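Structure, as structure tokens:
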Amino acid sequence: MLNYIYLSCFLAVTYARVHHLIVGNLVSPASLYVLEFDDESLDLRIVSNNSAHSPHAWITFGKQTKEFIYGASLNSPTIARYKLTTDSGNSSTLQLRLTGSAVNCGGQTSAFVLAGQQPPFDVYSASWPGPQACGAAFPASARDDDLGGGPRYTWDYGASSGIHGLALGANGTTLYSADLKGNSVWTHRFVGAAAIDGGGGVGGGGGIEEVGRLFARDESGPRHLVVHPAGRYLHVIMETANELVTYELDGDAREPRREASVFSVIPEAHSPRPTVNPRTRALLGLNSTSYWAAEVALSPSGRYLWASTRAHAASEVGYLSMFELDADGAVVPAGRPGSGAGPWGKGPLFIVPTTTPGGIANSVSPAPWSDEFVAMTDFRTGYVQIWKMTTKKMDGAMDKVGAAAVARVDIPDGGCCANVIWYD
1060 MLNYIYLSCF LAVTYARVHH LIVGNLVSPA SLYVLEFDDE SLDLRIVSNN SAHSPHAWIT
1120 FGKQTKEFIY GASLNSPTIA RYKLTTDSGN SSTLQLRLTG SAVNCGGQTS AFVLAGQQPP
1180 FDVYSASWPG PQACGAAFPA SARDDDLGGG PRYTWDYGAS SGIHGLALGA NGTTLYSADL
1240 KGNSVWTHRF VGAAAIDGGG GVGGGGGIEE VGRLFARDES GPRHLVVHPA GRYLHVIMET
1300 ANELVTYELD GDAREPRREA SVFSVIPEAH SPRPTVNPRT RALLGLNSTS YWAAEVALSP
1360 SGRYLWASTR AHAASEVGYL SMFELDADGA VVPAGRPGSG AGPWGKGPLF IVPTTTPGGI
1420 ANSVSPAPWS DEFVAMTDFR TGYVQIWKMT TKKMDGAMDK VGAAAVARVD IPDGGCCANV
1480 IWYD
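In terms of our numbering, the sequence shown opens at residue 1060 and continues consecutively.
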């Protein structure tokens, strides 16, 4: 008989039973919700509903203390900043207060915001949908509640560019940009005070310089990206191709040079490069264009990558997948532990269907204390869901790894949900 047990070997250190998350709305109403999740009872509930400056397509914590949250918006050409407050340090009373906002570069909207985790702790954004996208670095010191009144410095991308995702290199001095409209990945390097210390607000020293631009093949559509802590590999989720492409970074410029591996994030029958013959695919109605990949995120141990894919049709569901990484950050093809990754081999540990299509936003956010939990959102269905890694055990032996939805809270306000971040 087939039994299901939760996979304890994937656990990182567990610090608490109750954890708090924050999720924003993609469109109006402009709200930020604080949620509470109990990892024993698997209860997920809303703690507070906080008014926001505008709906935020993406939110992120600033610095390492999680004292501030920054939000980018598709409705307003600004980056907003919020201060987190609690009653006597009780996380269950967590609330957010708007402390300031600043106009983005070129007066353009943005789909992503990223905070540096080492000096000068700048906050970075880039414009979406473009064209003629630009990037901006905002000061983020405690004395600059108003984000310094504007960017410390800005930079330009290509004439046809629209940037949908950003990632910092392992050394914190390299910035990678996913140019979804321009089908490319940009590499920039911080210079001067931008790479060392704050430089003192607007007009301070330092800046950024372009290292290179790598075009993805076949209009793959780089959407979001993440760098492994070892600093050797850059993982990019391709929206149009429905693939996870891993690039090897060169030793000096930290620039992506070649594809180390390419893996589908949808089942093989739907893949752009399937083994199912075209006639059978047509008879079954299988089509990779029915899906668009959404997100890639690293587990806290750095050993696993979560990826999500959305369905275009409301009658279909999306997919959640997981990949195992080696110590250097390369993908380990499933079934061949320790072997080198090669293009179009079998990569994911699993690909499981989600419960809904995923809508426009189907982001995943791994829990910071454990590899086995991940939060997922859906817009427009309007919910936050917690998924937990599982294994199937047959005749006393491990069979395969999977995942199951274990908690859900509905937020049917018409605007939820964009991405979610874990506070504790």
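C-beta: ideal position from N, C-alpha, C; glycine also. Computed from a predicted model, the values in this text were never measured in an experiment.
Three-state class that DSSP yields for residue i in the structure shown
i	result
S1067	The predicted position of S1067 is uncertain, since its pLDDT is 40 and thus under 50; a value taken from the coordinates is nonetheless stated next. Note: S1067 maps to helix in three-state DSSP.
G1228	coil
G1401	Bear in mind that the predicted position of G1401 carries a pLDDT of just 36, short of 50, making it too unreliable to give a figure here.
S1349	helix
R1291	coil
G1165	helix
R1156	strand
R1076	coil
D1277	helix
G1388	coil
L1342	Because the pLDDT at L1342 is just 39, under 50, the model does not fix this residue reliably, and the value given afterwards should be weighed accordingly. Looking at L1342 - three-state DSSP - the assignment turns out to be helix.
G1207	helix
D1469	strand
E1307	strand
E1354	strand
E1530	As shown, the chain starts at 1060 and ends at 1483. That puts residue 1530 outside it, with no answer to give.
G1265	coil
L1061	Interpretation of L1061 is limited by its pLDDT of 34, a score under 50 that renders its predicted location unreliable; the figure taken from the coordinates is listed afterwards. If DSSP states are grouped into helix, strand and coil, L1061 belongs with coil.
E1302	strand
Closest Cα partner of residue i within the set the options
i	options	result
G1265	K1447, P1178, V1082, V1086	P1178
N1109	D1102, L1143, V1077	L1143
P1190	Y1212, K1240, S1320, T1232	K1240
Y1212	L1225, T1233, C1164, P1188	C1164
P1392	F1322, A1352, T1348	F1322
T1450	V1468, R1317, F1409	F1409
L1153	L1094, A1174, I1470, P1188	L1094
A1462	T1414, M1297, R1076, G1121	T1414
G1208	I1222, W1214, A1195, A1218	A1195
L1528	S1107, S1087, P1088	The chain is shown only over 1060 to 1483; residue 1528 falls outside these bounds and no answer can be derived.
V1492	R1291, C1193, Y1350	Because the chain spans 1060 through 1483 in this model, residue 1492 falls outside it and cannot be assessed.
S1135	P1188, A1174, D1146	P1188
P1471	G1441, G1175, A1464	G1441
E1302	L1293, V1324, D1181, G1310	V1324
D1097	R1076, P1088, R1276	R1076
L1232	Y1216, G1251, H1371, D1277	The question names Leu, yet the displayed sequence has Thr at residue 1232. Nearest of Y1216, G1251, H1371, D1277 to T1232, Cα basis: G1251.
Short CB-CB distance (under 8 angstroms) between residue i and chain C
i	result
S1135	Looking for chain C here will not work: only one protein chain is present.
Pair within 8 angstroms by beta-carbon distance, residue i and residue j
i	j	result
S1186	N1242	no
A1319	E1307	yes
S1169	S1132	yes
P1359	W1446	no
A1426	H1078	yes
A1352	A1373	no
D1387	A1289	yes
F1113	I1138	Looking at the sequence itself, residue 1113 is Ser, so the reference to Phe does not match. In this structure, I1138 does not lie closer than 8 angstroms to S1113 by Cβ.
A1378	P1412	Ala is not the amino acid found at residue 1378; the sequence shown has Tyr there. A contact, by the Cβ cut-off of 8 angstroms.
H1247	L1234	yes
H1287	E1354	no
L1103	V1468	yes
P1210	V1244	no
I1118	I1128	yes
V1182	G1121	yes
G1406	R1369	no
Assumed close pair residue i, residue j - CB separation to whole angstroms, cut-off 8 angstroms
i	j	result
N1084	G1361	Going by Cβ atoms, the distance from N1084 to G1361 rounds to 31 angstroms, so no, they are not a contact pair.
P1315	L1364	Incorrect: roughly 16 angstroms between the Cβ atoms, too far for contact.
V1295	A1237	6 angstroms
V1443	V1086	Rounded, the Cβ-Cβ distance is 16 angstroms, inconsistent with contact.
L1091	A1111	5 angstroms
Stretch pair the stretch 1382–1391 + the stretch 1428–1442: three plus CB contacts closer than 8 angstroms
no
Given 8 angstroms, three or more beta-carbon pairs between the stretch 1410–1430 and the stretch 1474–1483:
yes
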